[in-house]
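Numbering (the UniProt record's numbering), first residue to last: 1 to 146.
Glycine included, every Cβ here is placed at the ideal spot set by N, Cα and C.
The structure presented is a predicted model; accordingly, all values stated were derived computationally and were not measured.
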Ligand SMILES: [Zn+2]
């Protein structure tokens with residue numbers, strides 16, 4: 001059915017479909033199809049599938065988690081509203097938020113943030129205490145040596 005041009009023209013980069021955009025170094029050049037999302041949704045993974053670059057076939061769990069919490073249509077809508085440069089970050093954020101929500105259905109990400117803030121406060125207090133002790137010790141060492 002599909003003529004996968006990407007498979008045999010990856011070294012000789014003269015793809016006829018792309019319009020004057022130079023090949024960016026970072027995004028995945030070879031998009032494997034069907035992507036994990038389309039596989040799970042049991043639909044055809046089209047050439048312009050928004051999800052394919054971010055949910056390769058090897059990462060089914062990633063899509064499952066995000067789909068369970070946000071729903072595929074919301075994920076697609078959200079990605080379509082974003083410039084391509086921000087989509088990868090948006091996907092990892094959604095996956096992170098979704099897994100936090102599954103772990104902690106009540107507080108989700110907010111719970112994790114709260115916990116980390118508490119931890120940071122405790123560590124800052126510990127650091128301040130250690131610095132005060134250090135200054136104290138330096139004073140004690142400096143005094144008798146004269
Ligand atoms: Zn797809």
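### Query
Hey, out of 47, 80, 53 and 62, whose CA is closest to residue 40's CA?
62
### Query
Under the criterion of a Cβ to heavy atom distance below 6 Å, does residue 38 qualify as lining ligand 1?
yes
### Message
Excluding the 5 residues flanking residue 89 on each side, which residues of the same chain have their C-beta closer than 8 Å to its C-beta?
### Response
Contacts found: none.
### Query
Does the Cβ of residue 52 lie closer than 6 Å to at least one heavy atom of ligand 1?
yes
#### Entry: Residue environment, residue 141, which counts as buried when at least 16 other CB atoms sit within 10 Å
exposed
### Range of the contiguous alpha helix (DSSP H) that encloses residue 121
108-142
### Message
Quick check on DSSP: helix, strand or coil for residue 46?
### Response
Coil.
### Query
Counting along the chain, where does the alpha helix (DSSP H) carrying residue 84 start and finish?
Per DSSP, residue 84 belongs to the alpha helix (DSSP H) from 84-103.
### Task
Label residue 123 either buried or exposed according to how many other C-beta atoms from any shown protein chain fall within 10 Å of its C-beta, with 16 as the threshold for buried.
Exposed is the call here.
### Query
Is the segment 74-87 touching the segment 108-123 in the sense that three or more CB pairs, one from each, lie closer than 8 Å?
no
### Query
Should residue 85 be labelled buried (16 or more other beta-carbon atoms within 10 Å of its own) or exposed?
exposed
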